[in-house]
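Top line first, the protein sequences correspond to chains A and B. Residue numbering for the first sequence follows our numbering, starting at 24 and increasing by one per position. Residue numbering for the second sequence follows our numbering, starting at 24 and increasing by one per position.
Protein chains: 2
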Amino acid sequence: MATIKDIARIAGVAPSVVSRALNNKYGVKESTRKRIVAIAKELGYHPNSAARSLVTRRTETIGVVMADISEPYFSQIVKGMEYVATQTGYTLLFSNSYENVEHGRVLRKMISGERVDGLVIIGSNIQEKGFIAALAEQEIPFVLVERNLPDPKVNCVWVDNVQGGYLATRFLLDKGHRRIGHIAGNLHFQVALDRIEGYKRALEEAGIAFCEELVVSGNFLTEGGYRAMKELLKAGCTAVFAANDAMAYGALQAIAEEGLAVPDDVAMVGFDDLEFSALTHPPLTTVRQPRYEMGRRSLEILTAILRGEEAGGVKVCFQPEITVRRSA
Amino acid sequence: MATIKDIARIAGVAPSVVSRALNNKYGVKESTRKRIVAIAKELGYHPNSAARSLVTRRTETIGVVMADISEPYFSQIVKGMEYVATQTGYTLLFSNSYENVEHGRVLRKMISGERVDGLVIIGSNIQEKGFIAALAEQEIPFVLVERNLPDPKVNCVWVDNVQGGYLATRFLLDKGHRRIGHIAGNLHFQVALDRIEGYKRALEEAGIAFCEELVVSGNFLTEGGYRAMKELLKAGCTAVFAANDAMAYGALQAIAEEGLAVPDDVAMVGFDDLEFSALTHPPLTTVRQPRYEMGRRSLEILTAILRGEEAGGVKVCFQPEITVRRSA
DNA sequence: CCCGTCTTCGAAAACGTTTGTCAAATCATG
DNA sequence: CATGATTTGACAAACGTTTTCGAAGACGGG
Chain A
24 MATIKDIARI AGVAPSVVSR ALNNKYGVKE STRKRIVAIA KELGYHPNSA
74 ARSLVTRRTE TIGVVMADIS EPYFSQIVKG MEYVATQTGY TLLFSNSYEN
124 VEHGRVLRKM ISGERVDGLV IIGSNIQEKG FIAALAEQEI PFVLVERNLP
174 DPKVNCVWVD NVQGGYLATR FLLDKGHRRI GHIAGNLHFQ VALDRIEGYK
224 RALEEAGIAF CEELVVSGNF LTEGGYRAMK ELLKAGCTAV FAANDAMAYG
274 ALQAIAEEGL AVPDDVAMVG FDDLEFSALT HPPLTTVRQP RYEMGRRSLE
324 ILTAILRGEE AGGVKVCFQP EITVRRSA
Chain B
24 MATIKDIARI AGVAPSVVSR ALNNKYGVKE STRKRIVAIA KELGYHPNSA
74 ARSLVTRRTE TIGVVMADIS EPYFSQIVKG MEYVATQTGY TLLFSNSYEN
124 VEHGRVLRKM ISGERVDGLV IIGSNIQEKG FIAALAEQEI PFVLVERNLP
174 DPKVNCVWVD NVQGGYLATR FLLDKGHRRI GHIAGNLHFQ VALDRIEGYK
224 RALEEAGIAF CEELVVSGNF LTEGGYRAMK ELLKAGCTAV FAANDAMAYG
274 ALQAIAEEGL AVPDDVAMVG FDDLEFSALT HPPLTTVRQP RYEMGRRSLE
324 ILTAILRGEE AGGVKVCFQP EITVRRSA
């Protein structure tokens, strides 16, 4: 593998000049730069990133922490992030936290080993408040996705979840439903709480009393949605708002098993608008999160901060929209 | 951030001793090792990975190249890889090739910048034969997933696709179908060709003539499956084997749009057994690929090679099984 | 022709590790 | 106690960059 010294030797010049030439830095004559660049290309030179980041103290890579990259929910966010990463020359380093960022052995390695210049953390849960605070003390910039923290210093991009919950519930209300169940997410996550809040708000606005047994947690997973729906069916309701699409899938399955029809017997609206939601039976009416844009925006913020073009403390709240299909 | 020198100073010892102590190397008294380890823990020391890999010429990270990480097909493979990565202490670095590994700017950076110790390449296409050959010339070990190359030196883990195609078609044959369509994948990929081959073989065995207009390519995407199915419907058939589940989803949609019933009017079997396939309407009968195991196995091979425990040239072929649900 | 300014380049230090070599210290053995 | 063997620790070089600083060269103005 060719090094900067090889190039220097061939070009009859000092290594420092090569470095400057290749990095388009001030102080090298245009003709010699041309010559050096040509030699570098010829040798197929690529800078050794370890050596570089050892001195610059930058790695040009960004760590991305999320619960589980195999969840389809994250795919579009990741794609959006990747778009700006390739634009800006950053490399993305993913790490699954499996629901608990704090326990991330990998995260420690990322930060302490100085492997990443910045971090984006998707969907941290409530209990990790202390951890996030500690992170803020460190020197490493980060942005939270799918979470809004009151701290004015931390960067957040999220979707207005109470508005989303409101929209979903309101939609069902407008269809004439009065007894609307809710399959909530994992209550350790603020998004779950917020969506419940939106649900309550719409109910209240319509003058309908909140009914404890009509909301049951499904833990954000398809299987949980299935179980939750079985319960709701017992409680009896004509419509349900599921806090995410994955649970709505399980719920649809549970409904089908009982021989009931959607939306005639029970209407369903989800949250997220995953790709697959257009393919369920019937296609799912759901609250759309602009996941790709959220990913994009979050990385734009982080790279801007890393480039020193932005001070930090950016808050971006996206507005959800309801995409209506045939399940409600 | 604490360095090895800080520890050395506090412990009253040379930096080299600290290094050896922390890495459990020969030549340091147990008592001083204990002392050093204690200090390191106290300071929250983590080795700077850039510095380390600069001298060791190892990064302890493995690059993973695939078409598009947001495709659900890859999720389980990735999960399997991640399992052994965390076991063995390797970090995974993902890179989307968007169907053309060769064009991967990121890949160049990975290899030439010496950012990765090894590579796993998932689903490279046929045209990239030259590229793979070139890669084999380099010093960097790699394993191909979802592809079997005749070269005895390259490591491959794949599933027996012609057997899979055979199984699917044979299943439909056994159900009494005689006119069976096939929605093929992107013909630049060997897997697509192999699955067609299996389809043909089953047909031949049953004494049914291969019929050109009954196989149409859907490019492995849901939308392509939809379009392909529309064509097949015109050609007329009572069953179809789709080369992957994503296309089967599109096909099911196309069938539903025509007001036909699955499996009564037309039976459907897919390939992959994605998570969603249990949730389609009706649930999809499909050929199962052990994706998690494939990911696991591929990384086991690679890490073994990197650790010097394995010579290379490993070939692992998984046998597909059919998981029958209700679409056929 | 001299002096100051500006441009171009080179030398060297630094980043934080690992590792080979060698000296010192310890220990066992006779 | 002397000797040799063995353990333990120190020193220094090396990995491939970037960056600071200063030297030398070019050049123009007076």
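Idealized CB from N, CA, C, for every residue including glycine.
Please list, in chain order, all residues of the same chain as residue i whose beta carbon is under 7 Å from its beta carbon, the five residues on each side excluded.
i, result
"VAL51 (chain A)", "VAL40, ARG43 and ALA44"
On the DSSP bridge list, what partners appear for residue i?
i, result
"THR326 (chain A)", "Paired residue(s): none; THR326 (chain A) is not in a bridge."
"PHE117 (chain A)", "A:VAL87"
"PHE212 (chain A)", "None, per the DSSP bridge assignment."
"CYS179 (chain B)", "B:LEU167 and B:LYS338"
"HIS205 (chain A)", "A:VAL238 and A:PHE264"
"ILE155 (chain A)", "Its beta-bridge partners do not exist; DSSP assigns none."
"ILE145 (chain B)", "B:VAL168"
Whose CA, out of the options, lies closest to the CA of residue i?
i, options, result
"CYS179 (chain B)", "B:GLY318, B:ALA108 and B:THR346", "B:GLY318"
"VAL238 (chain A)", "A:TYR249, A:ILE203 and A:GLY230", "A:ILE203"
"GLY141 (chain A)", "A:ARG348, A:ALA327 and A:GLN150", "A:ALA327"
"PRO343 (chain B)", "B:PHE294, B:GLU105 and B:LEU322", "B:PHE294"
"TYR106 (chain B)", "A:TYR113, A:SER350 and A:ASN119", "A:ASN119"
"HIS200 (chain B)", "B:ALA284, B:THR245, B:GLY247 and B:MET291", "B:MET291"
"ALA159 (chain B)", "B:ILE145, B:ASP174, B:ASN148 and B:ARG170", "B:ASP174"
"ASN148 (chain A)", "A:MET24, A:LEU322, A:SER135 and A:TYR121", "A:TYR121"
"VAL337 (chain B)", "B:LEU195, B:TRP181, B:GLU94 and B:GLY259", "B:TRP181"
"GLY247 (chain A)", "A:GLN312, A:VAL289, A:LEU275 and A:SER135", "A:LEU275"
"PRO286 (chain B)", "B:ARG58, B:ALA265 and B:THR261", "B:THR261"
"GLY35 (chain A)", "A:GLU53, A:ALA25 and A:ARG58", "A:ARG58"
Got a sec? Which residues, its chain only, sit under 6 Å from residue i by beta carbon, not counting five neighbours each side?
i, result
"VAL185 (chain A)", "ASP217, GLU220 and GLY221"
"GLY86 (chain A)", "LEU116, MET133, VAL139 and LEU142"
"ASP29 (chain A)", "none"
"ASN11 (chain B)", "Here chain B covers residues 24 to 351 and nothing more, so residue 11 (chain B) does not appear."
"VAL339 (chain A)", "VAL180 and ARG320"
"ARG193 (chain A)", "ALA225"
Under a three-way DSSP split, which group does residue i fall into?
i, result
"LYS338 (chain B)", "strand"
"ALA301 (chain A)", "helix"
"ALA284 (chain B)", "coil"
"GLU235 (chain B)", "helix"
"ILE92 (chain A)", "coil"
"SER54 (chain A)", "helix"
"ILE59 (chain A)", "helix"
"LEU244 (chain B)", "coil"
"VAL292 (chain A)", "strand"
"LEU172 (chain B)", "coil"
"LEU307 (chain A)", "coil"
"GLU344 (chain B)", "strand"
"GLY35 (chain A)", "coil"
"VAL41 (chain B)", "helix"
"VAL139 (chain A)", "coil"
"ARG80 (chain B)", "coil"
"GLN47 (chain B)", "The sequence shown places Asn at residue 47 (chain B), rather than the Gln named in the question. Note: ASN47 (chain B) maps to coil in three-state DSSP."
How big is the Cα-Cα spacing for residue i and residue j?
i, j, result
"LEU297 (chain A)", "ASN267 (chain B)", "19 Å"
"TYR189 (chain B)", "ARG224 (chain B)", "6 Å"
"ARG32 (chain A)", "ILE206 (chain B)", "58 Å"
"GLU235 (chain B)", "ALA271 (chain B)", "20 Å"
"LEU283 (chain A)", "ASP183 (chain B)", "41 Å"
"ARG81 (chain B)", "ASN71 (chain A)", "12 Å"
"VAL166 (chain A)", "TYR96 (chain B)", "29 Å"
"VAL254 (chain A)", "GLY187 (chain A)", "The residue you asked about is not Val; residue 254 (chain A) is Glu in the sequence shown. Their backbone Cα atoms lie some 24 Å apart in a straight line."
"GLU281 (chain A)", "GLN99 (chain B)", "31 Å"
"LEU172 (chain B)", "GLN150 (chain B)", "13 Å"
"LEU77 (chain B)", "ARG75 (chain A)", "9 Å"
"GLY273 (chain B)", "THR303 (chain A)", "11 Å"
"TYR113 (chain B)", "LEU322 (chain B)", "10 Å"
"ARG56 (chain A)", "TYR49 (chain A)", "11 Å"
"GLY331 (chain B)", "GLU65 (chain A)", "33 Å"
"HIS211 (chain B)", "VAL289 (chain B)", "28 Å"
"ILE231 (chain A)", "MET252 (chain A)", "21 Å"
"ALA157 (chain A)", "THR111 (chain A)", "28 Å"
So is the beta-carbon of residue i under 6 Å away from any non-hydrogen atom of the ligand ATP?
i, result
"VAL347 (chain A)", "Judged by which ligands are present, the structure shown has none, so any question about the ligand ATP falls away."
Between which residues of its own chain and residue i is the CB-CB distance below 8 Å, once the five residues before and five after are set aside?
i, result
"ARG348 (chain A)", "SER300, ALA301, PRO305, PRO306, LEU307, THR308 and THR309"
"GLU316 (chain B)", "GLY103 and PHE341"
"LYS176 (chain B)", "ALA159, GLY335 and GLY336"
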